[in-house]
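Everything on this sheet refers to the single structure shown next.
Protein chains: 2
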Amino acid sequence: MSQQSFDHLCAHARETALLQSIAELLGWDERTKMPPAAGAYRAEQMTYLSSLVHRRHTDPQVGEWLEELATSVLAKDPYSDAGATIRQMRREYDKLTKLPQSLVEELTRASVLGQQAWVEARKNDDFATFAPILEKIVTLKRQQADAIGYTDCPYDALLDDFEPGETTKNVARILEGLRSELVPLVAAIADSTQKPDLDLFKRHYPIDAQEVFGKQAATAIGFEFNRGRLDVTHHPFCAGMGPDDCRLTTRYDEHFFPSGFFSILHEAGHGIYDQGLRGDQFGLPPGTYVSLGIHESQSRMWENLVGRSIPFWRHFFPLAQQAFPEALRSARLEDFCFAANDVRPSLIRVEADEATYNLHIIIRFELEQALINEGLAVKDLPAAWNQKYRDYLGIEPPSDANGVLQDVHWSAALIGYFPTYALGNLYAAQFFAQAAKDVGPLDEQFERGEFTGLLGWLREKIHQQGQRYTARELVEKVTGKPLSHDALINYLREKYTGYYGID
Amino acid sequence: MSQQSFDHLCAHARETALLQSIAELLGWDERTKMPPAAGAYRAEQMTYLSSLVHRRHTDPQVGEWLEELATSVLAKDPYSDAGATIRQMRREYDKLTKLPQSLVEELTRASVLGQQAWVEARKNDDFATFAPILEKIVTLKRQQADAIGYTDCPYDALLDDFEPGETTKNVARILEGLRSELVPLVAAIADSTQKPDLDLFKRHYPIDAQEVFGKQAATAIGFEFNRGRLDVTHHPFCAGMGPDDCRLTTRYDEHFFPSGFFSILHEAGHGIYDQGLRGDQFGLPPGTYVSLGIHESQSRMWENLVGRSIPFWRHFFPLAQQAFPEALRSARLEDFCFAANDVRPSLIRVEADEATYNLHIIIRFELEQALINEGLAVKDLPAAWNQKYRDYLGIEPPSDANGVLQDVHWSAALIGYFPTYALGNLYAAQFFAQAAKDVGPLDEQFERGEFTGLLGWLREKIHQQGQRYTARELVEKVTGKPLSHDALINYLREKYTGYYGID
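Chains as they are written, first to last, in our numbering: chain L, 371 to 873; chain U, 371 to 873.
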């Protein structure tokens, strides 16, 4: 009997995944192909699909199956496919059914209004017009946390949406450790007289050649184009819409090489994870990514730890010279790599380098906790923001538009999301260090244009695991120790010591 | 009360239209963008959506609303929005609910198997391997006709799926009239010593320039690219997926100009109809096209009656010379137009010219009636096919692959569809003749690159009418007389008399 209920549960989830994957296609199309005037109807299509999906997710029948399965033999081993499926679906079902329908609707409405207000406020550099709706959002998010429940602080409940099983306390501890070492490192780099020549990247890089070269690199690291594609958009993203359909996007700047190329590597990293998930478990927890942080670790690893490394460019730089003869004919590999590893404190998160990026995230993480846990008033947010930019990055935002108003997340009621970006960097460094131990000298492989060693390791250790473990368990399982900031800071320090002549 | 039921009925239909429009996007994506390996999962997505749509269409609640509305004041005027909506939805509901679920499933299965068998049979030029499944399909289509019901002959019930309200008898009468005049006309053209120089079209036409030029022409005749787009595919089609989202496709041949260009004009004709439907009635009968024949009349009118005319090219030929200087610098307008109006009996329907195309259709229409109404055995179909090609086109198919196996339709259980292509030509000619009367000298407008006169007439007389009238009623309403072959044969005769020096 419990096998039958389990089969029903899985069939139900697979049908829901059909709708969700269709919604992914609609979202991809909206951001890459859709005619400009089609937005209003597309919104109706997507809202309707969402409502169908939500209804299925919270179907009481699902609750009954899960109830029956809770004590069944199938749930015995929590790390078996069936056990992980039952555990994760129970978790999702409980979270979704704990939220009152009225709160879900209020959050949806506030998010729509919030984004509209944010667009205007940023355009006019006028935080005051955004403050009321942000206050509303913060209140609703606190209500959400109360409805879901938490042990330590309300922020735990929000973080858990994006990094399941993670706690505020643990993340805070790790990020504080990182911050304490990163702030002086970044300051030392800022003081260094050695600077890369960024003009190298501002030469003429024809867009057609960028696309060909980017696809060549994405293919080399393991993205399969017979199961995916690459298109152009405004804000690059990766969308999976089936076990064999994963789509990357990028944006090209004819006069700034890194913009297109590193976006492709980044999104290809996400895509390689997506393509490495178990296709037979598509739509079920064993075939689903663990957490946003782990997803981000895959994109950051290929973008940064691989894609900004000298060994990588030992292989690709000659190919880049062929692809962009005008720009790179007389350029040197060392200068190219130094430029790709430029570090400087700056105002805008999405344009930040690999090192300072983490400080942008830490600032947001601290402010989110202050808003949710400590009652920081929204009106005091800009001052708090600017203070932290002075303290951690040594710079002063000249306007709220380039400061507290720069990101869409809070306006879209996404609170608890930001730390997953930094967690991605931390996981990536710790995984990468372990892979180097397990697989052998990665550098030599990269120099030969071989990435299958790392890829195979990631496939086995991470991608094929799906949601068998939580992110926290996975890190311990794979690297033999809990997540810490050691691997990331060691990696950064080692790299920048060379480039910037600091100790 | 009946107003409330009507509102429920419309809301229900609009929700169903959301799902149908999403299915259109999936289909468009499959044929233009989808990665090669993604086909299997896409089929699952589409099958699931179809089942949701079918369930909604046959929801007994719809039947109850319609029952209540049948005698209500809203249904009084059958040509009002409400009246047309109730009438058409009643019609659809009755048709769908008359079909036993088992027959629907058998037809779906036979259609899938039929298409697979057809692909193989065509490849191997082996009709015998296709015959058993085609026999099955013919049997099921007869059962479908019996389940739906008919007055005169079973084929009526099938034709009605594609050309609602039309009868076999009426179509046969019109097409026989056309055939009797077209066969000698085509024979006379074949005998003429005047032939166009087709090499003109086989020069080098760069694909980028073809796309730009094609979009320029599509825009000029009225297709709105802010509410649509143009992509590349194997078999050109037009897909509408919302009131402001209509997508054209074409295929380019660098060494054959007409292939890409006339496909664009053809699909733009479909798209202009789609864009001209009432957006506020999207998903409801007043905002839905009348019939496949009327849809085809719009594509054929812009492709042929406008797009192959001398006035059209008086405007566009100089632009084409700029777009394709290598190919057209020293070409003459007259030679270009003659080449665009080449007529010669040929084997393949989809490559046929404007005149002989109708004979390809008449052959299929006659054979479909023989299969469904007169008990023609499937095994005798190839011989019957070849005999008709000899009689009407004076040519002998050298193989079944280029004969009876050339089209996908029958393998996909589409019987009754073919005549709508010829009806499209007939409607187009009769509408066009009327438009010339109503709007004034179209030739002079086209020469100036003005198409808004014809476009505005089509918008008002046809597009904005939606399903207010049946196709038959619409023709009478707009042109003052029932459909006949007069306008088409007059148009063809006049045109070819000039080119081919026949009387």
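Where is the CB? At the ideal position from N, CA and C, for every residue including glycine.
Residue 619 of chain U sits in a strand when the DSSP states are folded into three classes. When Cβ pairs closer than 8 angstroms are counted between the two stretches, the segment 748-757 of chain L is seen not to touch the segment 566-577 of chain L, the count staying below three. If you look at residue 670 of chain U, you'll find it isn't in any beta strand (DSSP E); it sits in the alpha helix (DSSP H) that goes 662-670. Unbroken alpha helix (DSSP H) stretches of 4 residues or longer found wholly inside the segment 486-541 of chain L: 497-518 and 524-532, given in chain order.
For the segment 614-633 of chain L, the set of positions with a beta-carbon nearer than 7 angstroms to some beta-carbon of chain U reads 614 and 615 in chain order. Leaving aside the five residues that flank residue 867 of chain U on each side, the residues in its chain whose CB is nearer than 7 angstroms to its CB run, in chain order, 873. Interface with chain U (9 angstroms Cβ-Cβ cutoff): residue 431 of chain L is excluded.
The DSSP-derived three-state label of residue 650 of chain L is helix. Listed along chain U, the residues sitting closer than 8 angstroms to residue 412 of chain L by beta-carbon distance are 612 and 615.
Contact of residue 406 of chain U with chain L by beta-carbon distance below 7 angstroms involves 596. For residue 716 of chain L against residue 485 of chain L, the beta-carbon gap comes to about 25 angstroms, at or over 8 angstroms, which does not count as contact. Runs of alpha helix (DSSP H) with 4 or more residues, each lying fully within the segment 537-621 of chain L, are found at 538-561 and 577-591, listed in chain order. With contacts defined as CB atoms closer than 9 angstroms, residue 785 of chain L and residue 732 of chain L fail to qualify as a contacting pair. Under a criterion of Cβ atoms nearer than 9 angstroms, the residues of chain U adjacent to residue 599 of chain L are, in order, 403, 404 and 405. A residue is called buried when at least 16 other Cβ atoms come within 10 angstroms of its Cβ; residue 674 of chain U meets this threshold and is buried. For chain L, none of the residues of the segment 493-508 of chain U brings a beta carbon within less than 9 angstroms of one of its beta carbons.
Within the segment 450-480 of chain L, no run of beta strand (DSSP E) reaches 3 residues while sitting entirely inside it. The continuous stretches of alpha helix (DSSP H) do not include residue 625 of chain L, and DSSP gives it neither H nor E. Among the residues of chain U, those whose CB is under 8 angstroms from the CB of residue 399 of chain L are 395 and 399, following chain order. At a cut-off of 9 angstroms between C-beta atoms, residue 643 of chain L does not count as an interface residue with respect to chain U. With contacts defined as CB atoms closer than 9 angstroms, residue 693 of chain L and residue 582 of chain L qualify as a contacting pair.
Here DSSP, grouped into helix, strand and coil, assigns residue 750 of chain L to helix.
In the three-state DSSP reduction, residue 694 of chain U falls in the coil class, being neither helix nor strand.
Here DSSP, grouped into helix, strand and coil, assigns residue 733 of chain L to helix. With respect to residue 623 of chain U, residue 597 of chain U sits apart: the two C-beta atoms are not nearer than 9 angstroms.
Ranked by Cα distance from residue 468 of chain U, the first of U/604, U/658 and U/427 is U/427.
The residue from U/789, U/666, U/529 and U/506 with its alpha-carbon nearest to that of residue 515 of chain U is U/529. With distances taken between CA atoms, residue 495 of chain L lies nearest to L/767 out of L/790, L/796 and L/767. Boundaries of the alpha helix (DSSP H) around residue 789 of chain L: 789-809. Sequence-distant partners of residue 383 of chain U (beyond 5 residues in either direction) whose C-beta falls short of 6 angstroms from its own C-beta, in its chain, are 653 and 654. Taking a cut-off of 8 angstroms for Cβ pairs, the segment 492-508 of chain L and the segment 396-413 of chain L do not touch, as fewer than three such pairs fall below it. Going by DSSP, residue 705 of chain L is part of the alpha helix (DSSP H) stretching over 703-710. With its beta carbon less than 9 angstroms from one in chain L, residue 652 of chain U belongs to the interface. For residue 817 of chain L, the uninterrupted alpha helix (DSSP H) segment begins and ends at 812-817. For residue 779 of chain L, there is no enclosing alpha helix (DSSP H), as DSSP marks it with neither H nor E.
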